[in-house]
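Here the working numbering is used: the first residue of the sequence shown is 3, the next is one more, and so on. The C-beta atom is built at its ideal place from N, Cα and C for all residues, glycine as well. Down below is the structure, laid out as structure tokens.
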Amino acid sequence: MKSGDKYIPLEKLNSIKKEALENPEKFWGEQAKCLDWNKTWDKVLEWHVPYAKWFINGRLNACYNCVDRHILNNRRNKAAIIWEGENGECRILTYYELYREVNKFANVLQNLGVETGDRVAIYMPMIPEAAIAMLACARIGAIHSVVFSGFSADALAERINDAEAKVLITSDILYRRGKKIDLKGIVDKALLNCPTINHTVYVKRNNDLKLMEGRDYCWDELMKGAKNYVEPVPVEANHPLFILYTSGTTGKPKGVVHSTGGFMVYTTKTLEWTWGINDMDVFWCTADIGWITGHSYVVYAPLACGTTIVMYEGAIDYPNPGRIWEIIEKHGVTILYTAPTAIRMLMMYGEEWVKKYNLSTLRMLGSVGEPINPRAWKWYYEVVGQKRCPICDCYWQTETGGHVIYPPIGIQDIPLKPGSATFPGIGIDADVVDEYGNSLPPNKRGLLVIKNPWPGMLMGLWKNDARYRAAYWERIKNCYCPSDYAIKDEDGYFWILGRADEVLNVAGHRIGTAEVEHVLISHPAVAESAVIGKPDDIKGEVPVAFVVLNKGYQNKKELKEELIHYVKETMGPIATPHMILFVNKLPKTRSGKIMRRILKKLIMGEELGDLSTIEDNTSVDEIRKELSDFK
Ligand code: WTA
């Protein structure tokens with residue numbers, strides 16, 4: 003099916019956008035009909051800055067909307083999930099099969115004592131059971147907290163404890179680049195410090211899984227005795243669907259809470275507007291379910307739309323750089339949604355790998371996670387999409403629930419500019435402002451803000467009102483501030499320039515510099531540390547750590563390696579410092595604040611500018627020397 007079939011005239015799009023901003027209650031009330039509700043809301047929106055409530059007193063069930071309603075129509079036997087393992091193993095679940103599995107697992111959760119409102123932690127590879135576990139939680143109104151399976155034991159324990167999860171769903175191993183990663187070992191270590199966990203369920207993939215009597219269970223064993231049907235619990239629209247932890251500017255991750263009604267309406271509608279998703283599509287979003295993209299656009303929105311999704315466990319360039327293209331050809335993927343870091347890596351392998359496969363089923367492309375550089379955009383457009391597939395550059399965040407700046411190419415053929423996510427989406431009043439909140443003229447760099455509530459916005463941070471207000475609402479009065487720099491050009495296109503806080507974006511993953519520093523300081527050798535991001539051709543940015551050693555420790559290569567390994571073990575591989583530099587002093591202001599801005603300029607070899615606030619200039623000279631020795 004041609005995407006253009008659903009196009010509406012530009013004037014129509016503009017009038018929809020106008021209506022969505024002028025009369026949000028009427029507009030979103032209409033949009034919410036995309037879902038099945040057990041009870042209609044009394045009021046569409048209640049907005050008391052900074053908390054919005056959507057579809058008040060409406061009742062619905064997210065799992066019912068993603069699964070049950072499709073088995074009542076002709077999607078019953080349609081593929082819901084096409085799963086590929088790294089070794090080429092393939093499993094396909096129809097909507098009916100998904101329905102059966104989800105019901106049974108919902109009953110398993112009930113049998114383990116999970117009730118509506120309880121938290122369930124999910125630490126799983128990209129296997130269908132991960133989506134089944136999420137949907138089963140939603141079915142009984144339990145709140146899931148998915149933790150990325152690349153995170154370490156400490157990171158897992160911290161997230162479990164903050165959410166006070168009762169049950170953990172996991173797997174004994176995961177496959178990555180031909181290796182088996184021992185998740186069980188990580189889980190066992192984490193659970194030494196997780197007093198709230200009563201039970202753990204393992205998807206068994208290895209024969210020698212050893213379970214702890216009374217605590218650990220095997221997924222298949224529990225499923226054998228489970229009931230075939232569990233009544234979906236209709237929850238109030240503002241009942242949390244999930245918590246997802248993301249990095250912030252302090253050492254502690256933030257528990258972003260999303261609602262059931264608003265989140266489901268917003269993600270479902272944005273999926274339609276973004277790519278005009280329809281029943282002919284095979285949608286492949288390569289994100290892991292451990293991140294928001296995996297929640298919104300692997301699981302909830304596509305399944306609510308009755309779409310066939312592809313789920314892949316493993317690296318997209320393993321066992322060879324053609325793997326991603328092979329999967330597209332094999333399953334006839336029509337929409338590919340991936341990250342610039344992946345595109346740059348694939349580009350590096352060369353177009354011969356792409357040309358080996360028939361990608362003629364592709365009709366649209368998507369990019370998310372960081373600004374896409376024009377060279378990668380061009381390659382994605384010309385080589386992958388063969389100039390036929392428009393690219394939707396989607397700007398959004400864990401907190402926004404769904405796309406907020408994006409070209410709605412599913413309904414309108416708007417002209418694209420490589421590297422720009424184009425315009426604020428439908429129902430989003432975004433702007434670029436100075437630090438006082440004044441709107442800036444074209445091409446002036448400032449802070450991106452959103453001035454109105456939208457249904458996908460976070461409900462808050464888990465049990466942390468003060469941090470919610472401080473993190474998003476205090477920088478610019480009465481505006482949601484995502485902490486990204488942006489410019490708006492003379493045609494009104496938005497260009498996102500990167501983070502305006504101490505958060506790095508490594509291969510599309512958010513990593514708080516404070517989190518890495520916190521880990522380094524917990525090592526006995528480290529007195530102080532400062533972490534910054536260094537530009538990287540493939541990953542966008544990589545962490546670099548400056549470390550001041552405690553007395554008695556020497557500047558040795560082995561110690562650097564030990565510290566790198568320590569961060570990797572404590573936080574997980576994505577936070578691994580690219581390099582560590584030992585210094586005697588960090589540049590600080592007179593009030594004692596570390597001047598990361600100077601470290602960044604030093605590493606980039608840029609002019610340092612005004613150094614008048616620095617407490618001691620010798621620190622800069624020393625770092626310069628250390629850097630030149632390093633080269
Ligand atoms: C960045 C991922 C430019 C941005 C969905 C944001 C982007 C952070 C884009 C959120 C894009 C995401 N263009 N930058 N299209 N998409 N970002 O919470 O800095 O993991 O604040 O959500 O990624 O990352 P998060």
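Residue i classed as buried or exposed, judged by whether at least 16 other C-beta atoms fall within 10 angstroms
i: Trp49; result: exposed
i: Thr12; result: It should be noted that the sequence gives Leu, not Thr, for residue 12. Answer is exposed; the Cβ neighbour count stays below 16.
i: Asp283; result: buried
i: Met461; result: buried
i: Lys627; result: exposed
i: Pro373; result: buried
i: Val434; result: buried
i: Val51; result: exposed
i: Ala22; result: buried
i: Asn619; result: exposed
i: Thr591; result: exposed
i: Lys271; result: buried
i: Ile10; result: exposed
i: Ser5; result: Residue placement at Ser5 is flagged as unreliable, the pLDDT there being 45, under the threshold of 50; a coordinate-derived value is accordingly withheld.
i: Gln556; result: exposed
i: Leu194; result: exposed
i: Arg179; result: exposed
i: Ile290; result: Looking at the sequence shown, residue 290 is not Ile but Asp. Asp290 comes out buried.
i: Ala468; result: exposed
i: Asp395; result: buried
i: Leu588; result: buried
i: Gly216; result: exposed
i: Val521; result: buried
i: Leu74; result: exposed
i: Gln414; result: buried
i: Lys14; result: exposed
Residue i: CB within 8 Å of a non-hydrogen atom of the ligand WTA
i: Trp475; result: no
i: Asp491; result: no
i: Gly115; result: no
i: Glu543; result: no
i: Ser173; result: no
i: Ser151; result: no
i: Arg501; result: yes
i: Tyr397; result: yes
i: Val259; result: no
i: Arg346; result: no
i: Thr343; result: no
i: Ile188; result: no
i: Asn375; result: no
Residue j beta carbon less than 9 Å from that of residue i
i: Leu111; j: Cys139; result: yes
i: Ala105; j: Val232; result: The question names Ala, but residue 105 in the sequence shown is Asn. Yes. Within cutoff.
i: Tyr268; j: Glu88; result: no
i: Ala303; j: Leu273; result: yes
i: Asn322; j: Arg346; result: no
i: Gly368; j: Met128; result: no
i: Lys465; j: Asp174; result: no
i: Leu364; j: Thr336; result: yes
i: His146; j: Ala135; result: yes
i: Asp281; j: Arg71; result: no
i: Leu442; j: Lys490; result: yes
i: Ile513; j: Val505; result: yes
i: Leu561; j: Ala529; result: no
i: His525; j: Leu565; result: yes
i: Leu449; j: Phe496; result: no
Three-state secondary structure assigned by DSSP to residue i
i: Pro376; result: helix
i: Asp222; result: helix
i: Thr272; result: helix
i: Pro537; result: strand
i: Leu499; result: strand
i: Arg512; result: strand
i: Ala1; result: Shown here, the chain extends from 3 to 633; a query on residue 1 therefore has no answer.
i: Met3; result: Any answer about Met3 is weak, because its pLDDT of 36 lies below 50 and its placement is not dependable; what the coordinates show is given next. Met3 falls in the coil class under three-state DSSP.
i: Met349; result: helix
i: Pro11; result: coil
i: Glu86; result: strand
i: Met606; result: helix
i: Lys181; result: strand
i: Asn163; result: helix
i: Thr591; result: strand
i: Val259; result: strand
i: Tyr397; result: strand
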